[in-house]
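Be aware that the sequence shown starts at 7, since it is given in this note's numbering, and climbs by one per residue. Even for Gly, the Cβ is constructed at its ideal location relative to N, Cα and C.
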Amino acid sequence: MVSLNVIRGFNDDLCDPYTVTSEHYPSLLKSRSVQKTSPLKLKAIYRLPNSTKRFSFEGMVYTGSFSSAAGVAACRSLGCSNSAGSTSMAWTAQTTCEFTCPDGSSAMQKCRFMIRGFQCPADAMSLLECLTDERFWEYASNIPGLNYKGIDLKCTECGD
7 MVSLNVIRGF
17 NDDLCDPYTV
27 TSEHYPSLLK
37 SRSVQKTSPL
47 KLKAIYRLPN
57 STKRFSFEGM
67 VYTGSFSSAA
77 GVAACRSLGC
87 SNSAGSTSMA
97 WTAQTTCEFT
107 CPDGSSAMQK
117 CRFMIRGFQC
127 PADAMSLLEC
137 LTDERFWEYA
147 SNIPGLNYKG
157 IDLKCTECGD
């Protein structure tokens, strides 16, 4: 999918980390990592095509089709070998999600739902090995609370 900003020739020098979204850039996903497990918060790092410039953003996982295999992959990426499972949990949106522009400038934005689910192989060591048919921010307009919940992930068998 190519965003209209790309077609118009979006200038990364004009990036505002307070308002930027992943839709602003054509990009290649380089990393998807767990930042927090309760509620589950992820960070996605992208590289611009034909460039070494990167941008990143953080967001929450929406309860829905988050499989046990995805939970194990998320826990493995944190150095744990298993997951005791996950439950849904209410959370309040706060300005604790970092967005970073290709020029390195960054700012905190209000956290919102980034994605709902992944299809992971049983031996996945991180969420980067998992697939999804959703686009990021598909559920961003859902306001977290009793009706729209995040995930409380419990990891087990952690080293050290």
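Residue i - containing alpha helix (DSSP H), residue span
{"i": "S83", "result": "S74 to S83"}
Buried or exposed by the 16-neighbour rule on C-beta atoms within 10 Å, applied to residue i
{"i": "M120", "result": "buried"}
{"i": "M108", "result": "This sequence places Pro at residue 108; Met is not what is there. So P108 ends up on the buried side."}
{"i": "T127", "result": "The question names Thr, but residue 127 in the sequence shown is Pro. With fewer than 16 Cβ atoms within 10 Å of its Cβ, P127 is classed as exposed."}
{"i": "G110", "result": "exposed"}
{"i": "L48", "result": "buried"}
Close-in-space but distant-in-sequence residues of the same chain around residue i (CB under 6 Å, 5 per side omitted)
{"i": "N148", "result": "F119 and Y154"}
{"i": "S94", "result": "T69 and K155"}
{"i": "D129", "result": "none"}
{"i": "T43", "result": "L159"}
Inter-residue CB distance, residue i and residue j (contact presumed, cutoff 8 Å)
{"i": "G91", "j": "S74", "result": "7 Å"}
Residue i - containing beta strand (DSSP E), residue span
{"i": "F142", "result": "Premise fails: F142 is in no beta strand (DSSP E) and is neither H nor E."}
{"i": "N88", "result": "C86 to M95"}
{"i": "K116", "result": "Run containing K116: none; DSSP gives neither H nor E here."}
{"i": "T162", "result": "G156 to C164"}
Neighbourhood of residue i by C-beta distance below 7 Å, restricted to the same chain and skipping five residues each side
{"i": "S71", "result": "R122 and G123"}
{"i": "L34", "result": "Y52, R53 and P55"}
{"i": "Y24", "result": "A113 and Q115"}
{"i": "E163", "result": "C86, S87 and N88"}
Spatial neighbours of residue i in its chain, beta-carbon cut-off 8 Å, leaving aside the 5 residues before and after
{"i": "M131", "result": "A79, R82 and S83"}
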